[in-house]
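Asker:
In the numbering used here, the protein residues as written are 38 to 449.
1. Using the beta-carbon count (16 or more within 10 Å), is residue 49 buried or exposed?
2. Specify whether the stretch 310-323 and the stretch 334-348 touch according to this definition: at least 3 beta carbon pairs, one from each stretch, less than 8 Å apart.
3. Within its chain, find whatever has a CB closer than 8 Å to the CB of residue 363; leave out the 5 residues flanking it on each side and keep chain order.
4. Considering just the uninterrupted stretch of the alpha helix (DSSP H) at residue 215, what are its terminal residues?
5. For the alpha helix (DSSP H) that residue 226 lies in, which residues bound it at each end?
6. By alpha-carbon positions, which one of 271, 211, 293 and 333 ends up nearest to residue 386?
7. Going by alpha carbons, who is nearest to residue 182 out of 142, 129, 136 and 241?
8. Between the stretch 157-176 and the stretch 72-87, do at least 3 Cβ pairs fall closer than 8 Å?
9. Cα-Cα, which of 137, 209 and 409 is closest to residue 154?
10. For residue 433 and residue 420, I'd like the C-alpha separation in whole angstroms.
11. By DSSP's criteria, residue 267 is part of a beta bridge. Which residues make up the other side?
12. Quick check: what's the CA-CA separation for residue 74 versus residue 191?
13. What is the rounded straight-line gap between the Cα of residue 98 and the Cα of residue 258?
14. State the DSSP-derived secondary structure class of residue 276, mapped to helix, strand or coil.
15. Does the distance from the CB of residue 140 to the CB of residue 89 come in under 9 Å?
16. Less than 8 Å between C-beta atoms, sequence neighbours within five positions excluded: which residues of the same chain meet that for residue 231?
17. Under a three-way DSSP split, which group does residue 53 fall into?
18. Identify, in the order they occur along the chain, each residue of the same chain with its Cβ nearer than 7 Å to the Cβ of residue 404, setting aside the five sequence neighbours on each side.
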């Protein structure tokens with residue numbers, strides 16, 4: 038055998054040194070942080086109190102999570118809640134959070150935060166300052182869902198919410214069930230920065246379950262409608278009734294129930310919309326757009342599919358002509374209610390949550406360049422036409438009105 042050359046031995050020594058150096062980088066837990074030293078924040082609420090900001094954090098207490106003996110407010114093996122609320126005031130969002138850290142023996146961790154709540158008063162002053170720290174610190178989850186609260190966020194975060202372990206979890210689940218694409222921090226930031234569309238966020242409030250004479254009442258959380266913004270400022274709240282149709286126009290409605298009265302008699306026919314598609318087409322006339330003009334028109338085309346869920350009338354829907362009548366009446370109801378919602382957001386709140394400006398940007402970008410400087414003045418004067426088409430796919434297993442005699446059934 039030939040003796041190894043000096044070059045080969047040096048190459049082998051260099052490789053060995055590299056491997057040893059790599060092993061130094063792999064070993065050790067010098068920056069470890071034990072779970073027992075971390076406080077996991079599940080939800081955060083922000084309120085404005087005078088010139089100060091109040092930040093309320095809902096911190097999980099893993100030791101109180103148990104299946105036996107759990108009670109309201111998320112449970113607990115000995116009747117205590119599974120979370121702890123820490124609330125402090127500071128000159129800014131970050132300042133109040135720093136004050137809270139001084140009162141908590143463990144390091145606050147925001148990577149598990151599920152929801153972010155803004156009080157109505159704070160949202161009306163603008164949320165951009167709060168968005169800055171959320172985007173700047175990598176630990177903050179941009180997938181956290183955003184909600185506007187009526188009243189104090191702290192009250193909402195300490196609701197009993199007996200169906201979930203944490204009130205923050207109930208807020209999250211309500212948000213998911215309310216919209217197709219729940220408003221996360223990321224979506225909210227995008228809509229604030231995006232031209233031609235304004236943000237919209239669900240509104241929630243604290244309620245007591247059961248009738249007034251119920252002894253053992255629990256506080257719960259419910260959705261109260263939609264908060265519409267103008268850029269980063271809350272301008273108004275759309276009530277639950279109109280918000281259902283506004284979500285249809287935004288193509289964000291998950292489930293919408295529409296009640297249609299019969300041609301004769303009492304009762305209602307319930308139509309459950311399960312799918313809807315929306316297309317907004319702008320029409321611009323004239324060579325010049327004047328602030329006092331009405332040359333901009335928008336047509337909202339809607340295709341909705343649904344099922345009939347209930348018929349408490351004597352009207353027979355199994356008849357093809359009657360079914361077409363029901364589809365037409367449902368479309369007319371959508372046109373009327375959505376038209377009312379559009380008037381509110383245009384005239385009263387001046388918030389373009391439907392993205393009418395965005396429709397011009399995507400389909401006619403050259404026209405948008407001409408309109409953009411005057412868009413805020415032109416938007417309330419834009420003529421909006423709503424053109425819904427409804428198709429009822431299923432009327433259920435019972436074709437005739439249940440319990441109604443044959444001679445009493447209406448066929449026209």
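A virtual CB, placed ideally from N, CA and C, is assigned to each residue, including glycine. The model shown is predicted, which means the values in this text are computed figures rather than measured ones.
Answerer: For this structure:
1. Result: exposed.
2. yes
3. 297, 306, 308, 345, 354 and 429
4. 204-215
5. 222-230
6. When only C-alpha atoms are compared, the closest one is 271.
7. Considering only alpha carbons, the answer is 241.
8. yes
9. 209
10. 39 Å
11. 270
12. 25 Å
13. Their Cα atoms are separated by approximately 21 Å.
14. When secondary structure is reduced to three states using DSSP, residue 276 falls in the coil class, being assigned neither helix nor strand.
15. Taking the C-beta atoms as reference points, residue 89 is found no nearer than 9 Å to residue 140.
16. 395
17. DSSP, reduced to helix, strand and coil, places residue 53 within a helical segment of the structure shown.
18. 321 and 397
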